[in-house]
Structure formats: structure tokens, C-alpha cells
Amino acid sequence: GAGVSQSPSNKVTEKGKDVELRCDPISGHTALYWYRQSLGQGLEFLIYFQGNSAPDKSGLPSDRFSAERTGGSVSTLTIQRTQQEDSAVYLCASSQTVDNTEAFFGQGTRLTVV
Amino acid sequence: AQSVTQPDIHITVSEGASLELRCNYSYGATPYLFWYVQSPGQGLQLLLKYFSGDTLVQGIKGFEAEFKRSQSSFNLRKPSVHWSDAAEYFCAVGARAAGNKLTFGGGTRVLVKP
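In the order they appear, the protein sequences are chains A and B. So that you can map any letter, position 97 of the first sequence is 97 in the working numbering, and since no number is skipped, the others follow by simple counting. So that you can map any letter, position 77 of the second sequence is 1077 in the working numbering, and since no number is skipped, the others follow by simple counting.
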């Protein structure tokens, strides 16, 4: 596609429910990154993929968070048993490779846990 | 570990005046440095980047930044600000050895007075 696409753009969920956030990277980009932007913590790295594998998951805040990427394209970030502190904007970015340092960001998914 | 500091949380500038946003980084090797801009409700847009070579880099929208290794700084400048430059600006450092994941500063919000 023309740019990085994320869906949904907004999600309101009840505490304790599971949510899935989707990212469609730019076609042909092998590297994909997830970041979280929240008032208290700023912009934080969560995880990145090279192809379908995730060499660095160090930013995932807890074992309630997981992500996968299939076919070297679409990625899904899953948050289980959501908590209010999970409320944030989740941003996805992609780049041609991990060696190509220009990352293009999507518009983000605003998650609100009530 | 890499880190980025943006000392100014808010800056107010008059339209037509010059703007300088400060960024200091900490990283053991030669970093890749970036400035991103985020308008309200939008994703992150890359303004400019520094990998190596000329320490003064030109970006989009009339912005430039200068890398000063001795000061561990990468300050962003614009000679004459337009009302449309009101946004939040993020400095980031990336490291090839870390999959080029980005570490962001806390951001500087720029307000433009008529």
C-alpha cells in the first residue's frame, strides 16, 4: 500500500477484555516496529520484526502483550486482560530492512480501556 | 543503553521568528539521529536524519539540524516559523546493532503566536 495502515483507528474496550491491533506495513518492507505513546511514558519501543521473526521483544510491558507477523506482512499486537494503564496510542512503523533506517509510521490506534 | 533528552517541554514562538529545539543523546557508538514531527491526531513524520558525513543536515519544511559529537547534541532549527509548524517534535536515536529500533526523547510542543 501507499503507507502504513493501522486498524482500528480508535478502540474502546472494557477492562479485562482482550484486544487485537492490526498493522499493514508498506508493501515490500521487511522490518516492522511497534511503539506505544502514552502521557506518562512518552514514546516507547515495544517489539520489532525482521520478516516473521521478532529478534527484540524487550519493550513488551508484560506477558499480557504479544505480537505476531505472518507472511512477512501484516502484524497483530494482542493485549490480553486489558488494564487501564494500557490506554495509549499504539504506533506501527515499517522500513525496507532493519539496515534501512528510515521508518515510516502509521497513524496509530488509540486504545482506551474503561 | 541509548537515551535522548529534550530539555524543553514547551516552546512558544512568534510567527516569522526563528526556532531552535534542543536534543541531547547518549549512545556508546556513532548513532543514527532523527527528528520527527507529530501534528495533533496524526502519526509521526520524518523531518530529517543524520547517519554520517556532513554534520549539518537539511530536511523537509525548511528545517535543518546540526550534529555535534563533542556536545552529544542534534539541535533542530528553522529560520522563520510558520503557523503550520505548531506541533510536537521528537528527537530520536537509532542503532543498527539494535535493529534500528528508535529511542525517543520526551518531545517538545511548539506553539506559534500570530
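Note that CB positions come from ideal geometry on N, CA and C, so glycine has one too.
Excluding the 5 residues preceding and the 5 following residue i in the sequence, name in chain order all residues of the same chain whose CB lies nearer than 6 Å to its CB.
{"i": "Arg110 (chain A)", "result": "Asn10, Val89"}
{"i": "Asn1024 (chain B)", "result": "Thr1005, Ser1072, Ser1073"}
{"i": "Arg36 (chain A)", "result": "Glu44, Leu46, Ala88, Tyr90"}
What residue from the options has the CA that sits closest to residue i's CA?
{"i": "Ala1092 (chain B)", "options": "B:Ser1084, B:Phe1074, B:Ser1080", "result": "B:Phe1074"}
{"i": "Arg1109 (chain B)", "options": "B:Ala1029, B:Leu1019, B:Ser1052", "result": "B:Leu1019"}
{"i": "Thr1055 (chain B)", "options": "B:Arg1069, B:Gly1043, B:Phe1104", "result": "B:Arg1069"}
{"i": "Glu978 (chain B)", "options": "B:Arg1077, B:Glu1015, B:Thr1012, B:Ser1052", "result": "Any question about residue 978 (chain B) goes unanswered here, given that chain B covers just 1001 to 1114."}
{"i": "Ile26 (chain A)", "options": "A:Pro55, A:Gly16, A:Ser73, A:Asp56", "result": "A:Ser73"}
{"i": "Ala1097 (chain B)", "options": "A:Glu68, A:Pro55, A:Tyr35, A:Gly42", "result": "A:Pro55"}
{"i": "Thr101 (chain A)", "options": "B:Leu1033, B:Pro1079, B:Gln1045", "result": "B:Leu1033"}
{"i": "Asp86 (chain A)", "options": "A:Tyr33, A:Gln41, A:Gly106, A:Gly71", "result": "A:Gln41"}
Tell me the rounded alpha-carbon separation between residue i and residue j.
{"i": "Val1004 (chain B)", "j": "Thr1030 (chain B)", "result": "14 Å"}
{"i": "Phe104 (chain A)", "j": "Pro1114 (chain B)", "result": "32 Å"}
{"i": "Ser38 (chain A)", "j": "Ser75 (chain A)", "result": "21 Å"}
{"i": "Tyr33 (chain A)", "j": "Gly1106 (chain B)", "result": "19 Å"}
Exposed or buried, what is residue i when buried is set at 16 or more other beta-carbons lying within 10 Å of its beta-carbon?
{"i": "Gly1009 (chain B)", "result": "For clarity, residue 1009 (chain B) is Ile in the given sequence; the question names Gly instead. By the neighbour-count rule (16 or more Cβ atoms within 10 Å), Ile1009 (chain B) is not buried but exposed."}
{"i": "Ala1017 (chain B)", "result": "exposed"}
{"i": "Ser1084 (chain B)", "result": "exposed"}
{"i": "Ala2 (chain A)", "result": "exposed"}
{"i": "Lys1049 (chain B)", "result": "buried"}
{"i": "Thr70 (chain A)", "result": "exposed"}
{"i": "Lys1101 (chain B)", "result": "buried"}
Could you pull out every residue in the same chain whose Cβ sits closer than 7 Å to the Cβ of residue i, ignoring the five residues on either side in sequence?
{"i": "Tyr1027 (chain B)", "result": "Gln1002, Val1093, Ala1095"}
{"i": "Gln50 (chain A)", "result": "Thr30, Ala31, Val98"}
{"i": "Trp1066 (chain B)", "result": "The question names Trp, yet the displayed sequence has Glu at residue 1066 (chain B). Excluding positions up to five away in sequence, the list reads Thr1055, Leu1056, Asn1075."}
{"i": "Thr1012 (chain B)", "result": "Leu1111, Lys1113"}
Might you give, ordered along the chain, the residues of its own chain that have their beta carbon closer than 8 Å to the beta carbon of residue i, omitting 5 neighbours on each side?
{"i": "Lys15 (chain A)", "result": "Thr82, Gln83, Gln84, Val113, Val114"}
{"i": "Asp18 (chain A)", "result": "Thr78, Ile79, Gln80, Arg81, Thr82"}
Considering only heavy atoms of the ligand FMN, does any lie closer than 8 Å to the CB of residue i?
{"i": "Thr112 (chain A)", "result": "The ligand FMN is not among the ligands present in this structure, which contains no ligands whatsoever."}
Exercise for the section: Mind the definition here: the segment 1085 to 1098 of chain B touches the segment 1031 to 1046 of chain B only if three or more C-beta pairs lie below 8 Å; say whether that holds. Expected result: At 8 Å Cβ cutoff, the stretches touch.
Problem - the segment 60 to 71 of chain A in contact with the segment 36 to 49 of chain A per 3-pair CB rule at 8 Å - result: Touching, per the Cβ criterion.
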